[in-house]
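Notes follow once the structure below has been shown.
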Amino acid sequence: MKKLPALILLLTMSFIFFSCKKQMSPQIFRAFGTVCFINLYGDGDESAYTEIKTRLMKLDGKFNLHRERSEISLVNKGAKTGPVEVDEDFAIVLETALKTAEFTDGSFNPALGKLINLWGINSDNPHLPLVKDIEEARAHCDWRKIVFDKEKQTVFFEDKELSLDFGAIAKGYAADEIARICEERKIRYAMIDLGGNVLAFGSKPGRQKWQIGIKNPDEPRGDPIKVLSVDGCSVVTSGIYERFFMQNGRVYHHIIDGTTGFPAESGLKSVTIICNSSLAADALSTAFFVAGKGRAVSLKAEAEKIFNEKIKLVFVEEDSTVVSVD
Ligand code: AMP
Ligand code: MG
């Protein structure tokens, strides 16, 4: 009879031993042309980090314009001659991109590929193009010429010179996908930072708020210009400091206004969007940066209707004044 408690103890110990997964430290790796940081805290075991990294790399592969055989490159080549079938991830990103383009009247424009390529914005050699080349490229950036058939999940370009660029939206989708994995795995809370595209997932112990800094555009490596205290949500910023180059004593940043073909001059240094969906926040931060504060504030209600959630905005204006709109 004495053997039974000992057996129960042994079984319990081995259950604890085998169910106790080894916690790993936060992971940092490169994807989407930036540094990605993932912290799953106490629930971060090897298999969770591996699943997340694999998913991130897969998405990076799909939306990467530098890879000849990525899905976006294949669409850019194929959709000029006929409808190209796309997968579920691509369809979601494209549909969101098109609806954001529509209601912001092109401030967000997924069809800027030719212009972005001309400026070399995402390359090692960004430069000021000739005005005539900008005008030529600008003529092929009409997002209305992207025909997306939702039923058939196909894309067709009515303009043979048109080309897609998802640089302003893909990271947002990827962050939401990581949050989905965290949810499935019952991870309690996590910090997902894809090069400034931040998603604070879940609630910290004791329902502590997350503290998320908004970078000072004048000193992005210094102290934040504002610290937000938030519950689990996405915080995404588009700013002039992220990717830029200098030529002839001028600074040229990476967010293009399709109506001029030049980096947007909307009186802002950055726009931060705070809402649940990282996909929405990413698309809107770029759109509202181009739109400028006045138009952005007037588009806020419509954005909330379209994305079906409450959206908060923080602007850093040209003179570095910080303006929050709840
Ligand atoms: P973000 O940092 O999210 O604002 O995205 C900027 C990136 O999106 C750039 O590096 C370009 O690849 C692309 N992009 C630039 N301007 C626009 C725009 N007006 N609409 C959509 N994508 C853009
Ligand atoms: Mg964006």
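Per this note's numbering, the very first residue in the sequence shown carries number 8; after that it's consecutive.
For glycine and all other residues, C-beta sits at the position ideal for the given N, C-alpha and C.
Checklist entry - Can Asp-289 be considered in contact with the ligand MG, in the sense that its beta carbon sits closer than 6 Å to one or more heavy atoms? => result In the sequence shown, residue 289 corresponds to position 282, counting from 1. The ligand MG has a heavy atom closer than 6 Å to the beta-carbon of Asp-289.
Next on the checklist: Measuring straight from C-alpha to C-alpha, what distance separates Leu-105 and Lys-29?
Outcome noted: For the purposes of this step, residue 105 is taken as residue 98 along the sequence shown, with counting starting at 1. For the purposes of this step, residue 29 is taken as residue 22 along the sequence shown, with counting starting at 1. C-alpha of Leu-105 to C-alpha of Lys-29: approximately 43 Å in a straight line.
Next on the checklist: I'd like the ranges of any beta strand (DSSP E) spanning at least 3 consecutive residues and lying wholly in the segment 202 to 249.
Outcome noted: 204 to 209, 217 to 221, 233 to 237 and 240 to 246, all fully within the segment 202 to 249.
Next on the checklist: Check whether the segment 183 to 194 and the segment 223 to 238 touch, using three or more Cβ-Cβ pairs below 8 Å as the test.
Outcome noted: Contact fails: fewer than three Cβ-Cβ distances are below 8 Å.
Next on the checklist: Can you determine whether any heavy atom of the ligand AMP sits closer than 6 Å to the C-beta of Leu-119, and answer yes or no?
Outcome noted: Along the sequence shown, one-based indexing puts residue 119 at 112. Result yes, Cβ under 6 Å from the ligand AMP.
Item to check | Beta-carbon contacts of Val-304 that lie in its chain and below 7 Å, excluding the five residues immediately before and after | outcome: Numbered from its first residue, the sequence shown carries residue 304 at position 297. If we look at Val-304 and ignore the five residues flanking it on each side, its Cβ neighbours are Val-332.
Next on the checklist: I'd like to confirm something about Gly-85: is its beta-carbon nearer than 6 Å to some heavy atom of the ligand AMP, or not?
Outcome noted: Within the sequence shown, numbered from 1, the residue matching residue 85 stands at position 78. Not under cutoff, so the answer is no.
Next on the checklist: In whole angstroms, give me the CA-to-CA distance for Ala-5 and Phe-70.
Outcome noted: Past the edges of the chain, shown from 8 to 333, lies residue 5, and the structure says nothing about it.
Item to check | Burial state of Ile-35 (16 or more Cβ within 10 Å) | outcome: One-based indexing of the sequence shown puts residue 35 at position 28. Exposed, because fewer than 16 other Cβ atoms sit within 10 Å of the Cβ of Ile-35.
Item to check | Three-state secondary structure assigned by DSSP to Lys-307 | outcome: In the sequence shown, counting from the first residue as 1, residue 307 sits at position 300. The answer is helix: DSSP assigns Lys-307 an H, G or I state.
Next on the checklist: Would Gly-265 and Cys-148 be called neighbours here (beta carbons separated by less than 7 Å)?
Outcome noted: Your numbering for residue 265 matches position 258 in the sequence shown. Your numbering for residue 148 matches position 141 in the sequence shown. Their beta carbons are under 7 Å apart, which means Gly-265 touches Cys-148 by this criterion.
Checklist entry - Mind checking Ala-308: buried by the 16 CB within 10 Å criterion, or exposed? => result Position 301 of the sequence shown, counting from 1, holds the residue named residue 308. Exposed is the call here.
Checklist entry - Smallest Cα separation from Ser-245: which of Arg-76, Phe-296 and Arg-228? => result Position 238 of the sequence shown, counted from the start, is the residue given in the question as residue 245. Answer by Cα proximity: Phe-296.
Item to check | Residue nearest to Ala-186 in terms of C-alpha spacing, selected from Phe-173, Ala-175 and Asp-200 | outcome: If you number the sequence shown from 1, residue 186 lands on position 179. Closest by alpha carbon: Asp-200.
Checklist entry - What first and last residue would you give for the beta strand (DSSP E) that runs through Asn-46? => result Indexing the sequence shown from 1 puts residue 46 at position 39. Per DSSP, Asn-46 belongs to the beta strand (DSSP E) from 41 to 46.
Item to check | Thr-103 and Phe-115 closer than 7 Å at C-beta | outcome: Reading the sequence shown from its first residue, position 96 is the one you call residue 103. Reading the sequence shown from its first residue, position 108 is the one you call residue 115. Between Thr-103 and Phe-115, the C-beta gap is not smaller than 7 Å, which leaves the two residues out of contact.
Next on the checklist: Rounded to the nearest angstrom, what separates Val-340 and Leu-63 at their Cα positions?
Outcome noted: With the chain represented from 8 up to 333, any question about residue 340 goes unanswered, as that position is not in the structure.
Checklist entry - Sorry if obvious, but does the Cβ on Ala-175 come closer than 6 Å to a heavy atom of the ligand ATP? => result Although the ligand ATP was asked about, the structure shown includes only the ligand AMP and the ligand MG as ligands.
Next on the checklist: Pairs of beta-carbons, one from the segment 236 to 244 and one from the segment 271 to 284, closer than 8 Å: are there three or more?
Outcome noted: Contact between the segment 236 to 244 and the segment 271 to 284 is present, because at least three Cβ pairs lie under 8 Å.
Checklist entry - What residues in its chain sit with their C-beta under 8 Å from that of Val-100, if we drop five residues either side in the sequence? => result For the purposes of this step, residue 100 is taken as residue 93 along the sequence shown, with counting starting at 1. For Val-100, where only same-chain residues beyond five positions count, the Cβ hits under 8 Å are Phe-70, Phe-173, Ile-176, Ala-177, Tyr-180 and Leu-286.
Item to check | contact_flag[the segment 255 to 270, the segment 124 to 142] where n(CB pairs < 8 Å) is 3 or more | outcome: At 8 Å Cβ cutoff, the stretches touch.
Checklist entry - So, helix, strand or coil for Asp-172, using DSSP? => result The sequence position of residue 172 within the sequence shown is 165, counting from 1. Coil.
Item to check | Lys-121, buried or exposed, once every other Cβ within 10 Å from all chains shown has been counted against 16 | outcome: As a position in the sequence shown, residue 121 is number 114, starting the count at 1. With 16 or more neighbouring CB atoms inside 10 Å of its own CB, Lys-121 falls in the buried class.
Next on the checklist: Under DSSP, the alpha helix (DSSP H) around Arg-62 begins and ends at which residues?
Outcome noted: As a first step, residue 62 is located in the sequence shown; it is residue number 55 there, counting from the start. Arg-62 -> alpha helix (DSSP H) spans 53 to 70.
Checklist entry - Could you give the residue range of the alpha helix (DSSP H) that holds Asp-140? => result Within the sequence shown, the letter at position 133 stands for residue 140. For Asp-140, the uninterrupted alpha helix (DSSP H) segment begins and ends at 138 to 145.
Checklist entry - When the Cα of Ser-327 is compared with those of Leu-320, Asn-315, Ser-277 and Ala-207, which residue comes out closest? => result In the sequence shown, residue 327 corresponds to position 320, counting from 1. Nearest to Ser-327 by C-alpha distance, out of Leu-320, Asn-315, Ser-277 and Ala-207, is Ser-277.
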